[in-house]
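See structure below.
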Amino acid sequence: MAEFNLSDFSSLDPAQFASLVKNASDAQLNEVLGGDLRTKVLDEIFRRMPGLFRPERAGNTEAVIHWIITGAPGGGSDTYELVIANGACALSETPSHEPKLAVTVGPADFLKLVSGNGNPVMMFMSGKLKAKGDLALAANIANLFNIPKA
Numbered sequence: 001m002a003e004f005n006l007s008d009f010s011s012l013d014p015a016q017f018a019s020l021v022k023n024a025s026d027a028q029l030n031e032v033l034g035g036d037l038r039t040k041v042l043d044e045i046f047r048r049m050p051g052l053f054r055p056e057r058a059g060n061t062e063a064v065i066h067w068i069i070t071g072a073p074g075g076g077s078d079t080y081e082l083v084i085a086n087g088a089c090a091l092s093e094t095p096s097h098e099p100k101l102a103v104t105v106g107p108a109d110f111l112k113l114v115s116g117n118g119n120p121v122m123m124f125m126s127g128k129l130k131a132k133g134d135l136a137l138a139a140n141i142a143n144l145f146n147i148p149k150a
């Protein structure tokens, strides 16, 4: 099994991250987000999302999106809130708005999704990704971000 190390994730560019995820097993991905690095890795992924946002593709989209990543130590989940408004995307410090869309996904599938290594439609169809709320927004969400490719 190849080494999968995200301890210095903040120094990785999106293409390096995508390549790491592509070459990792589900067990390795779940282990990273099931351990001590979970908060550090998730915080860094969501910190980068506003910079990967494509306002030219968003048009007049106004939405609050809750990302719920399951598989936390102790069986819990973490929720991150992105607010898309006025052609910009911002990460909320604390989820506090009613979401137009809530996406629930497990740790390995989340890492595959945000690294361009997972097919969101197939994840949704197979039940690995759950979307509640605006399903048209869910279908278009990948187009709103510059997702890296490995």
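When you line the sequence shown up against my numbering, it's residues 1 to 150, in that order.
Every residue, glycine too, gets a C-beta built ideally from N, C-alpha and C.
Check                                                                                                                                                       : Outcome
Can you name, in chain order, every residue of its own chain whose Cβ lies under 6 Å from the Cβ of T104, other than the five neighbours on each side?      : I68, K130
Going by beta carbon distance, what residues of the same chain come within less than 6 Å of V205, once the five residues before and after it are set aside? : In the structure displayed, the chain extends from 1 to 150; residue 205 sits before or after that span and is not available.
With DSSP as the reference, please indicate the residues paired to E81 in a beta bridge.                                                                    : H66, S92
With N30 and A108 assumed to form a contact (beta carbons below 8 Å), what rounded beta-carbon distance in angstroms separates them?                        : 5 Å
Starting from the Cα of A90, find the closest Cα among F17, M122, A63, S11 and give me that residue.                                                        : A63
Taking C-alpha atoms, which residue in G75, R48, Q28, A88 lies nearest to D55?                                                                              : Residue 55 is actually Pro in this sequence, not Asp. Nearest option by C-alpha distance: A88.
State buried or exposed for N143, treating a residue as buried only when at least 16 other CB atoms are found within 10 Å of its CB.                        : exposed
On the criterion of 16 or more Cβ atoms from any shown chain inside 10 Å, does M122 qualify as buried, or is it exposed?                                    : exposed
Do you know whose CA, among V21, S25, G71, F53, lies nearest T39's CA?                                                                                      : G71
Within the continuous alpha helix (DSSP H) that includes T61, where are the two ends?                                                                       : Run containing T61: none; DSSP gives neither H nor E here.
Got a sec? Which residues, its chain only, sit under 6 Å from L61 by beta carbon, not counting five neighbours each side?                                   : For clarity, residue 61 is Thr in the given sequence; the question names Leu instead. Counting only Cβ-Cβ distances below 6 Å, and skipping sequence neighbours, we find I84.
Going by the CB atoms, is the gap between G116 and I147 shorter than 9 Å?                                                                                   : yes
Starting from K132, trace the beta strand (DSSP E) both ways and give me its first and last residue.                                                        : 129-133
So the candidates are S19, L101, S96, Y80; which of them puts its Cα closest to the Cα of M49?                                                              : Y80
Are P73 and G127 closer than 9 Å when you measure CB to CB?                                                                                                 : no
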